[in-house]
Amino acid sequence: MTTAQPQEDRAASRVAVLESAAAPSPAARPRPSQENPDEKVHTWPYLVRIEFVGALLYLFLLSLMSVFVDAPLASLANPDVTPNPAKAPWYFLGLQELLLHMDKALAGVIVPGAVLVLLAAIPYVDHRRKGTGIWFYSPKGVPIALFSFAYTSVWNVGLILVDQFLMVPGEQGGHGIGPIIRYWLHSLRQGGGYGFLTDSVVNGIAGWIVPIFIMLLIPTSLALIVRRRWQADTREVLIGLFTFFVASFVVLTVVGTAFRGEGMNLMWPWQVKQANH
Amino acid sequence: MGAIIRWVKSTRLFRSIYREGYPTTPRTRVAVILNSLALHLHPVRVPRRATRVTYTWGLGGLSVYMFVLLTITGVFLMWYYIPSTQDAYWSIRFIESEVTFGQFMRNLHRWAAHGMVIIVFLHMCRVFYTGAYKPPREFNWVIGVALLTITFLLSFTGYLLPWDQLAYWAITVGTNMGGATPFIGDQVRRMLLGGLDIGQATLVRWYTLHVIFLPLLTIVLMSLHFWRVRKDGNISTPVLEDEPEPPGYPPVIEQEG
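From first to last, the protein sequence lines stand for chains G and D.
Residues 1 to 277, numbered by UniProt numbering, are exactly what the first sequence covers, in order.
Residues 1 to 257, numbered by UniProt numbering, are exactly what the second sequence covers, in order.
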């Protein structure tokens, strides 16, 4: 046993072994040259000092914010008074936005669940090592990401606007893609001969099939465009698809947070602010 | 002054804490990483490019840092916070108005929580856009997705605790979403609420999740995450051509067999 050996010696011998293995020239060389990015530098101090400064800077900024901006505290919880609108924390407002457009099981559980599973599956779809450690992989990476972000945003904003401003004919003020499909299918049934269009079938089409179709249409068309336009490989298509996810999250969160006010209706951010106070 | 410092450094206590002096030589710079609990998560040497801020933006490190900051400010708040529907709101008011640095610590806790959600999300984006999830790091990406989910849940469970209108109705919306789960929606909602409505049982449940269960789970998964970073070859460095298999992968067991 080596228990009798002093701690210092043991540490020193580990160091000696490691140094002789890793360092080509153990001679003192305090400052590494600037050119070669593959050159190994000592973690202490070259990485540790960056981390330390970063931590201090971040603590300083957070402290500054904490001095000047107070955390919100509304009045005591009251089950009898429902605020209008009742909103989840901002990072779930993208999901709450989805709830307005489709069946709540689809928007609240299945879509986020599927997103997490698909995210986790990324490395098993794109399993080539090439491109590791390189921002945006290839010269096509940035254009694909920018295109995907714009394409997705236009789709998202467009669909939200259509759902808000497409009016159901005849009825008392209903709007949206789902209600219009319900309206058409109901009038088909009343026209006769379409007895299979029960209420649950109608709801299934309007609340599930059409939203799923649209949610698949956007990334599928995006992947096809990226493949055609850029002759993209798997990694580049995935850059497009991941950006689709990021852009959707950002757009839905921003709309849900800043553009949804009373009755979860679309309005300008300053009108939302007035409604909250 | 110099004499005092030299005396302090020569004491048995000081030498038991810092076995080496200030690391200035290559040898002592290696030792300081090997002999420190926090720093030994790093390799002794890193490629120069790994010290470039614009590669990682330090987002992984900042995520941990937020977690530590949230633990410290969270424990401070726990000294005063009472998880009962009668007292919760008033204990927050007490922290804000009576406790020294109370308002500051609550603000710091709140903003760091939002900061952590944003930083963890950005960290995921960074790892994706630099292709750092590629083999042999696939499973660490999966652990990362789990950590992202837990970050959301940590923040969300904390949202109920002030027991104000904001909290109460946000949790109403959130648990209704969970209650929409196909087939087992009612059970999920009952589990989240600890009953049929938001009440004392919900508060205790979410408090326990927020201060015990989810932080412990985070610590376990974070340890695994960091350990895997080291085992999978430290921070990712550029791979320009496809290699069939990186050295040491698949696992050593196969080579020994």
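From the three backbone atoms N, C-alpha and C, an ideal C-beta is built for every residue, glycine too.
Bear in mind that the values here come from a model prediction, so they are computed numbers and not experimental data.
Helix, strand or coil at residue i according to DSSP, with G and I counted as helix
i: D/Met116; result: helix
i: D/Asp164; result: strand
i: G/Val246; result: helix
i: D/Val46; result: strand
i: G/Arg260; result: strand
i: D/Val8; result: helix
i: G/Lys104; result: helix
i: G/Val81; result: coil
i: G/Val41; result: strand
i: D/Leu147; result: helix
i: G/Leu266; result: strand
i: G/Leu62; result: helix
i: G/Ala27; result: Any reading at G/Ala27 is ruled out, since the residue's pLDDT is 46, under 50, leaving its predicted position unreliable.
i: G/Leu76; result: strand
i: D/Ser236; result: coil
i: D/Gln72; result: Position check: residue 72 of chain D holds Ile in this sequence, whereas Gln was assumed. If DSSP states are grouped into helix, strand and coil, D/Ile72 belongs with the helices.
i: G/Pro112; result: helix
i: G/Ile50; result: helix
i: D/Met78; result: helix
i: D/Met177; result: helix
i: G/Ala120; result: helix
i: D/Tyr65; result: helix
i: G/Ala22; result: Unreliable positioning characterises G/Ala22 in this predicted model, as indicated by a pLDDT of 47, which lies under 50. A coordinate reading is not provided.
i: D/Asn35; result: coil
i: G/Val69; result: coil
i: D/Phe128; result: helix
i: D/Glu96; result: helix
i: G/His127; result: coil
i: G/Asn36; result: coil
i: D/Met1; result: coil
i: D/Pro182; result: coil
i: D/Phe226; result: helix
i: D/Glu241; result: coil
i: D/Lys231; result: helix
i: D/Phe101; result: coil
Minimum Cβ-Cβ distance from residue i to chain D less than 7 Å
i: G/Asp38; result: yes
i: G/Trp230; result: no
i: G/Trp184; result: no
i: G/Pro89; result: yes
i: G/Arg129; result: yes
i: G/Phe259; result: no
i: G/Asp70; result: yes
i: G/Ile134; result: yes
i: G/Ser175; result: Inspection of the sequence shows that residue 175 of chain G is occupied by His rather than by Ser. No - not a single Cβ of chain D is within 7 Å of the one on G/His175.
i: G/Asn265; result: no
i: G/Trp208; result: no
i: G/Ser75; result: yes
i: G/His42; result: yes
i: G/Phe245; result: no
i: G/Pro24; result: Confidence at G/Pro24 is low in this model, with a pLDDT of 46, below 50, so the placement of that residue should be treated as unreliable; the coordinate-derived value is given next. Output row for G/Pro24: interface = no.
i: G/Tyr137; result: yes
i: G/Gly108; result: yes
Inter-residue CB distance, residue i and residue j (contact presumed, cutoff 8 Å)
i: G/Gln96; j: G/Ala105; result: Not really, about 14 Å apart at Cβ, beyond 8 Å.
i: D/Gly199; j: D/Val188; result: So it is not a contact: roughly 17 Å between Cβ atoms.
i: G/Gly94; j: G/Phe249; result: 5 Å
i: G/Asp126; j: G/Leu238; result: 5 Å
i: G/Phe259; j: G/Val115; result: With 8 Å as the limit, G/Phe259 and G/Val115 do not qualify as a contact, their Cβ atoms being about 22 Å apart.
i: D/Asp242; j: G/Lys130; result: 4 Å
i: D/Val30; j: D/Val44; result: 5 Å
i: D/His210; j: D/Leu154; result: 7 Å
i: G/Leu119; j: G/Ala107; result: Wrong, their Cβ atoms sit about 18 Å apart, outside the cutoff.
Neighbour flag for residue i against chain G, beta carbons, 7 Å
i: D/Met1; result: no
i: D/Leu166; result: yes
i: D/Leu153; result: no
i: D/Gly233; result: no
i: D/Ser97; result: no
i: D/His210; result: no
i: D/Lys9; result: no
i: D/Trp227; result: no
i: D/Ile143; result: no
Those runs of the beta strand (DSSP E) which lie wholly inside the stretch 137-218 of chain G and span at least 3 residues | none
Any contact of the stretch 71-80 of chain G with the stretch 160-167 of chain D, i.e. 3+ C-beta pairs under 8 Å?
-> yes
Examine the Cβ distances between the stretch 198-206 of chain G and the stretch 177-185 of chain G and report whether three or more of them are shorter than 8 Å.
-> yes
Touching or not, the stretch 115-131 of chain D and the stretch 143-157 of chain D, by the rule of three or more beta carbon pairs under 8 Å?
-> yes
Cβ pair count under 8 Å reaching 3, the stretch 94-104 of chain D against the stretch 223-233 of chain D = no
Given 8 Å, three or more beta-carbon pairs between the stretch 37-50 of chain G and the stretch 42-54 of chain D = yes
Taking contact to mean at least 3 C-beta pairs separated by less than 8 Å, is the stretch 207-220 of chain D in contact with the stretch 69-84 of chain D?
-> yes
Is it true that the stretch 223-241 of chain G meets the stretch 137-154 of chain G, where meeting means three or more beta-carbon pairs spaced less than 8 Å apart?
-> yes
For the stretch 54-71 of chain G and the stretch 218-225 of chain G, state whether three or more C-beta atom pairs, one from each stretch, are separated by less than 8 Å.
-> no
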